[in-house]
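When the count follows my numbering, it moves up by one through the sequence shown with no breaks and lands on 450 for the last residue.
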Amino acid sequence: MNWIFLRYFIITNITYKWSISYICTMPDLPQKLLEKLALREKEGALRTLPKKNNLIDFSSNDYLGFAKNEVIYSNTFQRILKQGDFQNGASGSRLLSGNHPLYGDLETFLAQTHQTESALVFNSGYDANIGFFSSVPQRGDAVFYDEFIHVSIRDGVAMGHAKGYKFAHNNLGELQLLIQRVRANLQDGDIYVVTESVFSMDGDTPDLIALVDFCNKNRCHLIVDEAHAVGVFGPEGVGMVQELKLQHSVFARIVTFGKAMGCHGAAILGSNPLKRYLINFARSFIYTTGLTPHTIATILSAYEYVAQQGEKDQSQLKKNIVIFKEKMVGLQLQPHFIPSESAIQSCVVSGNIKVKTISKKLTEKGFDVRAILSPTVPEGQERLRFCIHSYNSKEEMELVLELLQSLI
43 MNWIFLRYFI ITNITYKWSI SYICTMPDLP QKLLEKLALR EKEGALRTLP
93 KKNNLIDFSS NDYLGFAKNE VIYSNTFQRI LKQGDFQNGA SGSRLLSGNH
143 PLYGDLETFL AQTHQTESAL VFNSGYDANI GFFSSVPQRG DAVFYDEFIH
193 VSIRDGVAMG HAKGYKFAHN NLGELQLLIQ RVRANLQDGD IYVVTESVFS
243 MDGDTPDLIA LVDFCNKNRC HLIVDEAHAV GVFGPEGVGM VQELKLQHSV
293 FARIVTFGKA MGCHGAAILG SNPLKRYLIN FARSFIYTTG LTPHTIATIL
343 SAYEYVAQQG EKDQSQLKKN IVIFKEKMVG LQLQPHFIPS ESAIQSCVVS
393 GNIKVKTISK KLTEKGFDVR AILSPTVPEG QERLRFCIHS YNSKEEMELV
443 LELLQSLI
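Below, the structure written as C-alpha cells:
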C-alpha cells in the first residue's frame, strides 16, 4: 500500500511540476520588441496599468460623476426588469444575433435628442472613428485633420484608402492653403475635414462657426468628434455643435458615452444614407460582438438623468472650472496652463522625467493628477492634465494648485 501511494505521489508530483512548467514557460519576445520596450523605459515613457486608488480625483473623464451615480444605476436596473429580457451578453454581432431591441430605442432616442436623421451605435469611440475613417473616405479622396486630433481618427485614416493631411492646431488659415494646394491635383475626389469640439489633451476648442462656414463654401464634409463635449455643453448635454446650432451643417458627429455620460460606447450621428453605408462597410461595426443590453440601458438612463436632473451637476462643474481658473491666476500659474474653458486644464511641464516626478509628489499628497508623456503629446509639451469634476470641492482644487505651485 505504501509503495502504491509513493508511486502515485511521484507520478502526480512530476505531472504537476510539468504542467506548471508548461504554463509558465512562454516563448521569448522578439529582440526588436524588447529593444522598443527598453527605449521607452529609458525615455521615461513606459506605460503600466495603474491600480485602483482612493485619491482625490483629478484624472478621470467622469466629469459629472455619472459613473458612480446611484440613480442612473437604479434606473438602469429597473429598465432591464421592465424589458423582461434577462440577457447577460449580446450573443453576437449586431448583424447576426446581437441587435437587441434596446438598440432601436437608443438610436431613435439619440437621433431625436441630437436633432439628426439617424444614429448608429458602436462599441466605443475608438471603434466609431476607425470604422468611419477607414470606410467612408475613398481612394482619390483627401482627409484633413487637426494635428492634435485623437489617435483613433489617425488610425482610421491610416487604415483607409484616402490620403491624410494634418494642419496646424485650430489654424483655419493653414487648412485653407493646404486644401487649395491639394485640390489642384485631386480631380473629382471628395474632401473631409475633421476636428474635435473639445480637444482631449489641451481642453481647447476650434472656431466651429468659422469652420462650418469654410466647409460649406469650399464643398468639404465636416466631421466633429464631440467625445469631451457631450454631457457637458449644450442644453441637456447635447454637445457643442448643437449649443452653437450647427447640427444641420455638419456631415457627421461622433458622440461617446464613456466620458461625462459615465457609461460606455459611442454613436455616429448623420444622415440615413450614411448609417446604411456604415452598416455595410464599417468593419469595426460588422465584425464585433455588440454591446450588452445592460450597457445600452445604462446609456438611455444616463441621457434620461441629464434631461431630468443633470442641470445641477452641469452648473456645479462650470462653477468649479471658474474656481480652478481663478485660483490658477491668483497663484500666477496661468503661464504654465494651456488656455481652456472646458473641464480639461493642462499644465505644461517639459520632460517626461520632470512631469512624472511632479505627478508622483502630488499623488503622495493624496491627489490623482496624471502626467501625459511624449509620444502621446509632442516632445517638450509633456503636461499634467487636470480633469475638473462637479464633485471636486473648492478646498481640493485650491490645495492641489498650491501644491503644484510649490513643486514648479
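For every residue, glycine included, the Cβ atom is placed at its ideal position computed from N, Cα and C. Remember, it's a predicted structure, so these values are computed and weren't measured experimentally.
- What do you reckon, are the CB atoms on S101 and R412 nearer than 8 Å? It is a contact, given that the beta carbons lie within the stated cut-off.
- Can you tell me whether I53 is buried or exposed, with buried defined as 16 or more other CB within 10 angstroms of its CB? With a pLDDT of 49 at I53, under the threshold of 50, the modelled position of that residue is not reliable, and the figure given next carries that caveat. Exposed, because fewer than 16 other Cβ atoms sit within 10 Å of the Cβ of I53.
- Query: Measuring CB to CB, does K208 end up less than 8 Å from E238?
  - Reply: No; because the gap between Cβ atoms is not below 8 Å, this pair is not in contact.
- Message: Taking only three categories from DSSP, how would you classify L264?
- Response: Of the three classes helix, strand and coil, the one that applies to L264 here is strand, per DSSP.
- For S432 and G107, the rounded distance between their alpha carbons: C-alpha separation (whole angstroms): 7 Å.
- Task: Please state whether DSSP places Q387 in a helix, a strand or coil.
- Result: Of the three classes helix, strand and coil, the one that applies to Q387 here is strand, per DSSP.
- Query: How long is the line joining the alpha carbons of T57 and L441, rounded to whole angstroms?
  - Reply: Caution applies to T57, whose pLDDT of 49 falls short of 50 and renders its modelled position unreliable; the model cannot decide the point.
- Return the Cβ separation of Y115 and L359 in integer angstroms, given the expectation that the two are a contact with Cβ distance under 8 Å. About 20 Å separates the two Cβ atoms, so there is no contact after all.
- Neighbour-count burial assignment, F186, 16 or more Cβ in a 10 Å radius: Buried is the call here.
- Task: Please confirm whether A210 and T334 have their CB atoms less than 8 Å apart.
- Result: No, they are not a contact pair.
- Query: For S388 versus D244, is the C-beta spacing smaller than 8 Å?
  - Reply: If you check the CB distance, S388 and D244 come in under 8 Å.
- Message: Runs of 4 residues minimum, wholly inside the stretch 347-413: which ones carry the alpha helix (DSSP H) assignment?
- Response: Whole alpha helix (DSSP H) segments, 4+ residues: 394-406.
- Query: If you count every other CB in all the chains shown that lies within 10 Å of the CB of V199, and 16 or more means buried, which is it?
  - Reply: The residue is buried, with at least 16 neighbouring Cβ atoms inside 10 Å.
- Kindly give me the distance between the Cβ atoms of S135 and G332, rounded to whole angstroms, as I take these residues to be in contact under 8 Å. Taking C-beta atoms under 8 Å as the contact rule, S135 and G332 qualify, at a distance of about 6 Å.
- At a cut of 8 Å, does the stretch 149-156 reach the stretch 224-238 through at least three beta carbon pairs? Segments in contact, no.
- Task: For L415, I'd like the list of residues in its chain whose CB is within less than 6 Å of its CB, leaving aside the five on either flank, ordered along the chain.
- Result: Excluding positions up to five away in sequence, the list reads A87, N394 and E424.
- DSSP-derived helix/strand/coil call for E159: Residue state, collapsed to three classes: coil.
- Give me the Cα-Cα distance between V274 and G281, rounded to the nearest whole angstrom. In this structure, the straight-line span from the alpha carbon of V274 to that of G281 is close to 7 Å.
- Message: Tell me the DSSP secondary structure of R5 in three-state form.
- Response: No statement about residue 5 is possible, as the shown extent of the chain runs from 43 to 450 and does not include it.
- Could you check how far apart the C-beta atoms of K369 and L443 are, in whole angstroms? I think they sit under 8 Å. Confirmed, about 5 Å.
- Got a sec? Which residues, its chain only, sit under 6 Å from E438 by beta carbon, not counting five neighbours each side? The beta carbon of E438 sits closer than 6 Å to those of I98, all from its chain and outside the five residues before and after it, given in chain order.
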